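Line order of the protein sequences matches chains A and B.
Taken in order, the first sequence gives residues 862 to 981; the numbers are from my numbering.
Taken in order, the second sequence gives residues 862 to 981; the numbers are from my numbering.
Even for Gly, the Cβ is constructed at its ideal location relative to N, Cα and C.
This one's a predicted model, so the numbers in the text were calculated from it and none came from an experiment.
Encoded as structure tokens, the structure appears first; notes follow it.
There are 2 protein chains.
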Amino acid sequence: MTRRQPLPPDMFDELCPSSLLPFRFGDKWAALVIRCLEDGPRRFSELRVPLHRVTPKVLTQSLRGLERGGLVSRTVHADPKLGVEYALTQLGRSMLEPLDSACAWAAEHWDELLDARDRS
Amino acid sequence: MTRRQPLPPDMFDELCPSSLLPFRFGDKWAALVIRCLEDGPRRFSELRVPLHRVTPKVLTQSLRGLERGGLVSRTVHADPKLGVEYALTQLGRSMLEPLDSACAWAAEHWDELLDARDRS
DNA sequence: AAGGGCAGTTACCTCCTGGATACCGAGGCC
DNA sequence: GGCCTCGGTATCCAGGAGGTAACTGCCCTT
């Protein structure tokens, strides 16, 4: 098993786009969760690190939602040392495409978005 | 001035995707409003036709939100016959791109989305 | 002058989301 | 046995999103 980088705690620290963007993926945290799962399965408490404001209940809600939507899978390993792991399903992985497209749009028009927000 | 097609009242009648999709653009009606403005300016009461469930208050809210975001412009014509018209700004028009990409993704994975929804 | 469309506004209500806080059971470590 | 971490639940609460119903002011037509 290849050892992935741990998720940096400040991953989403700077001006969180979610609050500005004119679109949302799933509930408040869904898009960030998907981003966190981009390069492999992650564990519950591992996911809380970059979203350090989110309480377990809220993360559970978001994950259950993604699970119901078929975007994320939850696997409880037989070996308890491995715990519970969340991963993107095929469908979930395919969502990275529109997600990236949305992020690209946002990046491209970031200044205009800020301007509009400031003017109002 | 070229005469555009009036908006068909049943434009969004069939199983509204917004309720199923794992993403949202702006508030509940924003994406549909943007679609309605795709081929030219529309008037307030004209917009209410395809969204025939929406009350004036709610439509106003949505439009004001889009206006604040710089996606939609509101122009009050000097000639009162022309009334008030809403149109996409440059920025708003540029959002059609990610919006289409999202719709394309949804269309492509529609069955999987329905399956996931049904299984839960 | 009376009525009707247009473009909203206002007051009020309900439900849902997101968050705070506290608690819990299972398993590992000392 | 006592404590830690992991992976959650249970309960309560505030704010906002969305909806209903009623009302307004303006202009136009008849």
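Contacts around residue 883 of chain A, its chain only, beta-carbon distance under 7 Å, and the 5 residues preceding and following it disregarded: Within the first sequence, the letter at position 22 stands for residue 883 of chain A. Closer than 7 Å at Cβ, skipping near neighbours: no residue.
Beta-carbon proximity list for residue 970 of chain A, same chain, < 7 Å, skipping 5 on both sides: Taking the first sequence and counting its residues from 1, the one referred to as residue 970 of chain A is at position 109. Cβ neighbours of residue 970 of chain A beyond the five flanking positions: none.
By how many angstroms is the C-alpha of residue 900 of chain B removed from the C-alpha of residue 903 of chain A? Residue 903 of chain A sits at position 42 when you count from the first residue of the first sequence. Residue 900 of chain B sits at position 39 when you count from the first residue of the second sequence. Using only the alpha carbons, I get a separation of about 44 Å.
Nearest chain A C-beta to residue 976 of chain B closer than 8 Å, yes or no? Along the second sequence, read from residue 1 onward, the residue named residue 976 of chain B stands at position 115. Closer than 8 Å: yes.
Under 8 Å between C-beta atoms of residue 946 of chain A and residue 938 of chain A: Looking up residue 946 of chain A in the first sequence gives position 85. Looking up residue 938 of chain A in the first sequence gives position 77. Their beta carbons are under 8 Å apart, which means residue 946 of chain A touches residue 938 of chain A by this criterion.
Would you kindly work out how many angstroms separate the C-alpha atoms of residue 925 of chain B and residue 917 of chain A, rounded to a whole number? Translated into the one-based positions of the second sequence, residue 925 of chain B becomes position 64. Translated into the one-based positions of the first sequence, residue 917 of chain A becomes position 56. The alpha-carbon atoms of residue 925 of chain B and residue 917 of chain A are separated by roughly 35 Å.
Which one of B/950, B/932, B/905 and B/953 has the shortest CA to CA distance from residue 919 of chain B? Against the second sequence, residue 919 of chain B aligns to sequence position 58. Nearest C-alpha to residue 919 of chain B: B/905.
Report yes if the CB atom of residue 967 of chain A is closer than 8 Å to the CB atom of residue 923 of chain A, and no otherwise. Residue 967 of chain A sits at position 106 when you count from the first residue of the first sequence. Residue 923 of chain A sits at position 62 when you count from the first residue of the first sequence. No, these two residues do not count as a Cβ contact at 8 Å.
From the beta carbon of residue 932 of chain A, is the nearest beta carbon of chain B less than 8 Å away? Position 71 of the first sequence holds residue 932 of chain A. Against chain B, the CB of residue 932 of chain A has a partner CB under 8 Å away; the residue lies at that interface.
Judging by CA-CA distance, which residue of A/965, A/932 and A/867 is the nearest neighbour of residue 948 of chain A? The residue labelled residue 948 of chain A in the question sits at position 87 within the first sequence. Nearest of A/965, A/932 and A/867 to residue 948 of chain A, Cα basis: A/932.
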